[in-house]
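Some notes on the structure that comes next.
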Amino acid sequence: MKQSSLFPKTRKEAPKDAESINHKLLVRAGFMDQLMAGSWTLLPMGWKVVTKINQIIREEMNAIGAQEMLMPLLHPKEIWNETGRWDKANDIMYKLSDPRQKEYALSFTHEEIVMDLLRKNITSYKDLPVSVYHFSTKFRNELRAKSGILRGREFMMKDLYSAHTTEENLMEYYEKVKDAYSKIFRRLGFNFKVTKASGGVFTDKFTHEFQVLSDAGEDTIYWRDGDPEAINEEVLKGDKKDYKSSKAIEVGNIFPLGTWYAERMRAYFTDEDGKKKPIWFGSYGIGPTRVMGTWVEVSHDNKGIIWNKEISPFQVHLIGLSGKGEDIYEKLKNAGIDVLFDDRDVPAGQKFNDADLIGIPVRLVVSDKTGDLSAQAGEIEYKERTSDKTELLDFEEVIKKIK
Ligand SMILES: Nc1ncnc2c1ncn2[C@@H]1O[C@H](COP(=O)(O)OP(=O)(O)O)[C@@H](O)[C@H]1O
Ligand SMILES: [Mg+2]
């Protein structure tokens, strides 16, 4: 991709109303744009990052046998009345009506929709277990939408739902999902803790949150060294002074929901003895757009964002000075490298500042001084975003380092 045609351009100033780091940096660097409070466009580079996050999540979901699909966002009022959540979730649910006064909800979650699918399609214990997921938009009327893309009124979620014949089978799968989530957040490169949290109104069990340690977080979590799980302040009993603690950002949450939904929505299966029983159910969510914002909160410096190679929008930022670089750009593309090539006619200082702001892990510079492809070895300046050290390398050495 040539930077001269990349949409949009970077900005010198953060928006005046921006309070959080992810808001300031992701807008300045051209990853996202705010339409109104809590409502964001993912611009081309932001969408590339979220697509990479989604792919990591997708791989780990498929690895535990979950099947991807896509559910609608416009829901009839009737289905939400079956569980009583049309009224109970009144504060966060966006409701609307059409010209004939038929009422709808914009999806804030999908338990009821999956339960409807199950009762239409599951009859016997032989049809279970089932696990399905999708990536889609969620709408929630969040009162405080001030933390940039960490808290949207419209945001992306990967939500997985699983259905089982017994509590034991549900909890076995729940542990598998917990492991899969840990793998996802490890692959993404986060310093996080699996954290016991409240189960809401639907279960006497704990739920588990995946909490990234960060001062920008709204939650406070506690742990002791050696404990496998941390504890959210909301469920901590006993003396806090025995624990370490940190602010943290919740990036994922998993819920063992039992038979609460199946009982209310009449989703039954017939067991081996011919008895009708309610389906055991769990739901599991990760917010990829919040994940992007969280990465920026924990990985930046005073110059800009610092991506890792897993989710960086490009593998390499190639800066051409004095009209150089076109040939290296072509060679990198031919080698299968996803490269952003700064071919613009602007001062070198501006190019370097933009490279630091955008935060791609590897920066290459080709100029009069570094020579061009026809010159001998050592013609490309190589620098990593996390280091001040530069080296002169030839093309093959650069490729080796990147791959
Ligand atoms: N308003 C939001 N904006 C962005 N992401 C969100 C938002 N609310 C929830 N998420 C993401 O979806 C995941 C599952 O959400 P959930 O636990 O149902 O919401 P909550 O914790 O607000 O009750 C969260 O861990 C987070 O990653
Ligand atoms: Mg939660």
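At position 179 of the sequence shown the residue is numbered 187 (this note's numbering), and the sequence of numbers has no breaks. Backbone N, C-alpha and C define an ideal beta-carbon position, used for all residues, glycine too.
How long is the line joining the alpha carbons of residue i and residue j, rounded to whole angstroms?
i	j	result
V202	D227	13 Å
G160	M273	30 Å
E86	R352	56 Å
N409	S47	Just to set this straight, residue 409 is Lys in the shown sequence, not Asn. Those two C-alpha atoms are separated by around 39 Å.
L244	F263	18 Å
K20	R36	7 Å
E175	G207	16 Å
E180	L136	14 Å
L401	L168	46 Å
L34	K283	55 Å
F143	I192	15 Å
V259	D376	46 Å
D362	G295	28 Å
V122	H31	34 Å
F147	I100	8 Å
G312	V370	14 Å
I319	H83	33 Å
I130	Y276	8 Å
P23	D223	22 Å
T394	E76	36 Å
F5	D346	Coverage of the chain is limited to positions 9 through 411, which leaves residue 5 absent and any answer about it impossible.
K165	M53	Note that residue 165 is Met in the sequence shown here, rather than Lys. In a straight line, the C-alpha of M165 is about 19 Å away from that of M53.
T378	G301	36 Å
I314	T145	27 Å
S115	T91	15 Å
V373	I157	32 Å
A45	R152	9 Å
Q219	Q109	42 Å
E150	A356	43 Å
Does the beta-carbon of residue i have 16 or more other beta-carbons within 10 angstroms, so that it is buried, or is it exposed?
i	result
N199	exposed
K60	buried
N310	exposed
L78	exposed
F15	exposed
R298	buried
S13	exposed
S382	Reliability of the predicted coordinates at S382 is poor, the pLDDT of 48 falling under 50, and no value is obtained from them.
I321	In the sequence as displayed, the identity of residue 321 is Pro instead of Ile. By the 10 Å Cβ count, P321 comes out buried.
M40	buried
T398	exposed
T173	buried
K194	Just to set this straight, residue 194 is Arg in the shown sequence, not Lys. Exposed, because fewer than 16 other Cβ atoms sit within 10 Å of the Cβ of R194.
V354	exposed
G73	exposed
K332	buried
Can you check DSSP and say which residues form a bridge with residue i?
i	result
D350	I327
T228	K255
A363	In the DSSP output, where bridge partners are listed per residue, A363 has none listed.
Q75	V140
T398	K391
I64	None, per the DSSP bridge assignment.
K412	This structure cannot speak to residue 412, because the chain is shown only from 9 to 411.
V485	The displayed coordinates of the chain run from 9 to 411. Any statement about residue 485 would go beyond what the structure contains.
R371	H325, K391
I239	K204, Y230
Taking only heavy atoms of ligand 3 into account, decide whether any of them is closer than 7 Å to the Cβ of residue i.
i	result
E389	The model depicted lacks ligand 3 and carries ligand 1 and ligand 2 instead.
- Task: Quick one: which unbroken beta strand (DSSP E) runs of 3-plus residues sit fully inside the stretch 133 to 220? Chain order, please.
- Result: Runs of the beta strand (DSSP E) inside the stretch 133 to 220: 138 to 147, 162 to 172, 200 to 205.
- Message: I'd like the ranges of any alpha helix (DSSP H) spanning at least 4 consecutive residues and lying wholly in the stretch 25 to 56.
- Response: You should have 29 to 36.
- Can you list the alpha helix (DSSP H) stretches of 4 or more residues lying completely in the stretch 85 to 137, in chain order? If only uninterrupted alpha helix (DSSP H) runs of at least 4 residues are considered, those enclosed by the stretch 85 to 137 are 85 to 89, 93 to 96, 119 to 129.
- In chain order, which continuous runs of the beta strand (DSSP E) of length 3 or greater are located wholly inside the stretch 243 to 315? With a minimum length of 3 residues, the continuous beta strand (DSSP E) runs that stay inside the stretch 243 to 315 are 252 to 266, 276 to 278, 284 to 286, 288 to 294.
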